[in-house]
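Okay, structure first, notes after.
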């Protein structure tokens with residue numbers, strides 16, 4: 001049984017990564033020579049939305065790293081009822097209203113305003129429902145992805161990493 005132990009520098013890197021709630025995805029050596037083995041590829045994420053794997057190559061001592069990401073954008077489906085409206089349907093509604101027999105309203109007594117109103121609304125609704133029917137549709141409301149790294153520790157870590165990178169690059173890019 002072979003137990004793979006991490007070198008002290010690698011162990012320290014993993015501890016720092018874990019202390020900030022990050023995930024280190026490569027856990028095996030990616031460079032294999034006859035003298036040594038080392039993990040020179042590091043993929044660090046802030047969530048469980050990717051999978052990293054090593055692909056061995058025969059033409060190099062350096063293995064390829066494959067990263068597969070998953071789309072975590074969720075959505076809620078809500079059913080709603082809406083009218084099917086378009087220019088053609090509105091023109092059809094106008095045509096339907098032109099052919100309505102309005103005489104049924106005139107047959108009622110002028111004092112029967114509620115009755116006249118009810119008949120008028122029924123005639124309008126019949127034409128409207130025929131030309132612009134109701135339809136049940138599903139609406140997808142996309143949820144915003146959560147920002148995982150928005151705490152004080154992560155902000156300080158980013159600042160330290162920026163400072164570290166700037167200090168390392170001064171020899172190449174002097175101010």
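Numbering (the UniProt record's numbering), first residue to last: 1 to 175. Using N, Cα and C, we set each Cβ at its ideal position, and we do this for glycine too. Keep in mind it's a predicted model, so treat the numbers as computed, not measured.
| query | result |
| --- | --- |
| Taking only the alpha-carbon atoms, compute the straight-line gap between residue 64 and residue 34 and give it to the nearest angstrom. | 18 Å |
| Could you name the residues of the same chain whose beta carbon sits closer than 7 Å to that of residue 105, not counting the 5 residues immediately before and after it, in chain order? | 116, 119 and 120 |
| Cβ of residue 25 within 8 Å of Cβ of residue 43? | yes |
| Would you call the CB atoms of residue 23 and residue 45 closer than 8 Å? | yes |
| Can you tell me the Cα-Cα spacing of residue 111 and residue 127, whole angstroms? | 26 Å |
| Taking 8 Å as the threshold (C-beta atoms), are residue 77 and residue 136 in contact? | no |
| Under a Cβ-count criterion, where at least 16 other Cβ atoms within 10 Å of its own Cβ denotes burial, should residue 30 be classed as buried or exposed? | buried |
| With C-beta atoms as the reference, is residue 54 less than 8 Å away from residue 16? | no |
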